[in-house]
Amino acid sequence: MCGIVGYIGERNVQNVIMVGLERLEYRGYDSCGIAVIDGDIKIRKTAGRLQRLKEILDKSPVGGKLGIGHTRWATHGEVTDENAHPFTDCGGCIALVHNGIIENYRELRKRLEKDGHRFVSQTDTEVIVHLIESFYRQQSGQERSKEMLGALRRAGKELRGAYALVIINALEPDRLYAVKMGSPLLIGKGRDEVIVASDGPALVGIAQKMLLMQDGEMAVVTPGGVQLFDFAGMQLDRDFVPIEIRQKEISKGRYPHFMRKEIFEQPEILRQNIARRFRDDSIMLDPEFLLYPDFIERIKRVVIQACGTSYHAGLVGRYYFERFSKIPVSVEISSEMRSSEYLYEDETLMLAISQSGETADTLAALREAQMRGIRSLGLLNVYRSSIAREADSTVYIHAGPEIGVASTKAYTAQIINLLFLSLYFARIRKTISDEQFSRVRGDVELLPKQVESILTLDRRIKEVAARLAFAHDFIYLGRNINYPSALEGALKLKEIAYVHATGYPAGEMKHGPIALLNENVPVIGIVPKDSVYDKMISNLAEAKARKGKIIVIGSEGDEGLKEIADTVLYIPKVPEYLSPIVVAPPLQLLAYHIAVLRGCDVDKPRNLAKSVTVE
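FYI, the numbering for the sequence shown is -7 to 607, going by the working numbering.
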C-alpha cells in the first residue's frame, strides 16, 4: 500500500520525486524518505507526513540525476525514522524502496545476520537490500549491470510475498532498477527521462506513455529507455501504452479536500456511465467484457466477493441480480472467502469488485477460485490492474481517479454498473420485458439531476453535523436494499471521523443492539418510501422510546417523518432499487462534515491507505 517513485532524467530529481510522492500519499503516510545518487547515495527520511520531509530538504537539499522516494503504510515495525524507507546495504552502495510484504523475512534476516549483515530497522523490507548485497559482487564496466541483474534475480527467487522494488546503485549513476512481484509497478517514459511508480498519478506531467510491469519481471531504466527481463534473465519486448489520466483529475481544484471534490463529482460520473451503457433497447458493456451469451444463460449462481466499501456495493448488487436476472447470489468478504470451503457448481460466476484492481484479499480469492475452475468477472475502476489482467472478463466503473482514501464516487459508480450488469444478464436470459427495461431506463436517466439536487443539502447537512460531531457512538439502521447503505454510512464515519459507528438491519436492533441506546446515541435511519417503510417506522419508534436521537433520510413530501425524527433530510423520490444511490451522498456528506468539525485529516485518515495491497 506504500507509494514508491523512481526518476532518472534532467529535471530536478528532488522536486520530481516529492511531487510524485504527494500524488501517492493516499497509499500511505506514516513516514517517508528520498535517496539520490550525487557522487554517493544521499538519504533524507523521517517518520510523519511529507511536510516534515519537505522541511528537512529545505535545510539539506539533495541533487543528482536519479533517485527514489517512498511514503509508507507501516506493516512491520513501528512508525519511526529508522523504519522509514529507503534502506541501504551495509556498505551504503545499494538503496531501495519497497511496496508489499515479505512473508519469510524472519528466516532471511536470521541467515543474513549470521553472515555478518547489520540491520538498523525492524522492517521486512530491509532484508531485501541485504539479500541483494549478499549476491552482488562489485564488477567494473559493463559487467556491473549484468551482476546487478543476477543479484536481483537470485534475490527474487528467495523472497516470498509481494513486492514492488525500485533500486539504485551508487556504482551505476546512469540507471535504476525495478522489480515486480504481486504489488503494482508502472514505468512512464517521457523525452529523455523515465519515471517508475506504484500508481499512475505520479507519472502525469513527466511521461506520455507507460508500461505496466507484470509479476516476475525486472527492468533496467536509463534516460533513453527501458530494458525488460524475466526472472530467468530472458529479455522481453512489450509496448508502452498512452497515459489516460489527466492533470485535472488528480488536482483538488477549488475544493478543500479530494473527498469533497469526489462527492460532488458523482452526478457527472453517473451521467457519463448512463450515456455509455444504454444503447437503444440493450446495455453496452466494455470491450474487455468477454463472457458469451450461452454461458450467461447457463449461470446457476453468482458469487460476489469484495472488501470494505466494495463489499457494501456487492450487497446492493445481490439485490439487482436476484431481482432482474433471477440468479441466486451470495456475497462474501474476500479475506473470509479464501479460507472457506467451495461448494459451487460449474456454472458459477465469481464477480470480484475492487476500485484499484489491486486489493490483495480480493485478488487472492480470485486466484483461488480460478484454480477450482470457476469463471471470473472483475468490476474495477483502474485499467490494466492485476485483477483486470487475471480475471476472465472485466467491466469498468469509469469513475476516474479516486484520491480520497474513503471511497465515495467509486461506490455509487460500482452500484450503477452492478445494475447495468444485472440488466445485461436479464436481457440475455429474457427475465425482463421490453416494457420493464424501458421503465428502468427512464428511471435511471433521471438520477444525475436527482443527485445534483441532493448535493444542495450540503449546508443543511453541515448544520446537522455540528449537533452530532462530538457524539461517541452512532447506530445506522436500514432494511432490505438499504441495509448495505447503513453499513456504508457507518463505515464512512469510522474511517474519517474516528467515531464508533455500527450499521444494522433495522429489524435486528431489538435482538441486542437496542441495549446501547440512550439520549447520547444518534440513530441514523434510512427511510425512503419503499416496501419496508412501515417496518422502518416501527423500528425507529422503538429507538425513540429509548431516547435515541433520531436523524432520518426520507423521501420528499413525507411529512410524517417529522413526528418520529429529531431531524429529517429529504431526498428525491426514486424507485426502491435506485434508493442506495440517492441515499449515499447525504451519508457521505454527514461523515465528511463531522470529520472536518472534529479536526480530522479527511483525505488521509489515520492507519489507513487507499489501495490495500497486503493481506
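Ideal placement from N, C-alpha and C gives every residue a C-beta, glycine not left out.
| Item | Value |
| --- | --- |
| For a test of the three-state rule: what should DSSP assign to M173, helix, strand or coil? | strand |
| Reducing DSSP to helix, strand and coil, say where I29 ends up. | strand |
| Which same chain residues, not among the five before or five after S317, have their C-beta less than 7 angstroms away from its C-beta? | S414, F417, A418, R421, T423 |
| So the beta strand (DSSP E) P564 belongs to, where does it begin and stop? | Taken as a continuous stretch (DSSP letters only), P564 belongs to no beta strand (DSSP E), as it is neither H nor E. |
| If you compare alpha carbons, which of A482, F270, L178 is closest to R376? | L178 |
| Among the residues of its own chain, which have a CB less than 8 angstroms from the CB of Q6, if the five just before and after it don't count? | I26, V28, L49, P53, V54, G55, G59 |
| What residue range is occupied by the uninterrupted beta strand (DSSP E) comprising M342? | 340 to 346 |
| With three or more beta-carbon pairs closer than 8 angstroms as the criterion, would you say the region 355 to 362 touches the region 216 to 231? | no |
| To the nearest angstrom, how far is the alpha carbon of D272 from that of T38? | 57 angstroms |
| Is F281 helix, strand or coil when you go by DSSP? | coil |
| Pick out whichever of G92, D166, K454, K244 has its Cα sitting closest to the Cα of S175. | G92 |
| In whole angstroms, what separates the C-alpha of P279 from that of I255? | 28 angstroms |
| Which first and last residues belong to the alpha helix (DSSP H) in which E14 is found? | 5 to 16 |
| Name the residue from G549, L439, L307 whose alpha carbon lies nearest to the alpha carbon of Q264. | L439 |
| Among the candidates I237, A361, I159, L449, whose CA atom is the shortest distance from the CA of D384? | A361 |
| CB-CB under 7 angstroms to N531, same chain, minus the five flanking residues each way: which ones, in chain order? | L469, A498, G499, M501 |
| Where does P248 land, buried or exposed, given buried means 16+ other C-beta within 10 angstroms? | exposed |
| In three-state terms, what does DSSP make of G434? | helix |
| The beta strand (DSSP E) that contains Q219, what's its start and end? | 217 to 222 |
| If you scan the region 198 to 281 from start to end, which runs of the beta strand (DSSP E) of 3 or more residues do you find wholly inside it? | 201 to 204, 209 to 214, 217 to 222 |
| Any contact between the region 379 to 394 and the region 551 to 566? By contact I mean 3 or more CB pairs, one from each, below 8 angstroms. | no |
| With a Cβ-Cβ cutoff of 8 angstroms, do V233 and K201 count as a contact? | yes |
| Name the DSSP beta bridge partners of M105, please? | The sequence as given places Glu at residue 105; Met does not occur at that position. DSSP, once it has assigned bridges, lists no residue as partnering E105. |
| Would the beta-carbon of E257 fall within 8 angstroms of that of P215? | no |
| Does the beta-carbon distance from L581 to I453 come in below 8 angstroms? | yes |
| Please go through the same chain and pick out, in chain order, the residues whose beta-carbon is closer than 7 angstroms to the beta-carbon of R36, but skip the five residues on each side of it. | G25, I26, L45, I48, L49, S52, V54 |
| Can you find the residues in the same chain that come closer than 6 angstroms, C-beta to C-beta, to R538, ignoring five residues on each side of it along the sequence? | L509 |
| Tell me the rounded alpha-carbon separation between H492 and D526. | 28 angstroms |
| Using 8 angstroms as the threshold, is the C-beta distance between I296 and L343 below it? | yes |
| Determine the direct distance from the alpha carbon of A457 to that of S477, and round the result to whole angstroms. | 18 angstroms |
| Which residues bound the alpha helix (DSSP H) around V575? | 571 to 589 |
| When DSSP labels each residue in this structure, what does K527 get in the three-state scheme? | helix |
| Which residue from E427, Q347, G20 puts its Cα closest to that of A402? | Q347 |
| Can you give me the Cβ contacts of K583 inside the same chain, cut-off strictly under 8 angstroms, excluding the 5 residues immediately before and after it? | Sequence inspection shows Ala at residue 583; the Lys mentioned does not correspond to that position. The answer, listed in chain order, is A398, G481, K484, L485, E487, I488, A489. |
| On the three-state DSSP scale, how would you describe R129? | coil |
| For F79, which residues does DSSP report across the bridge? | L88 |
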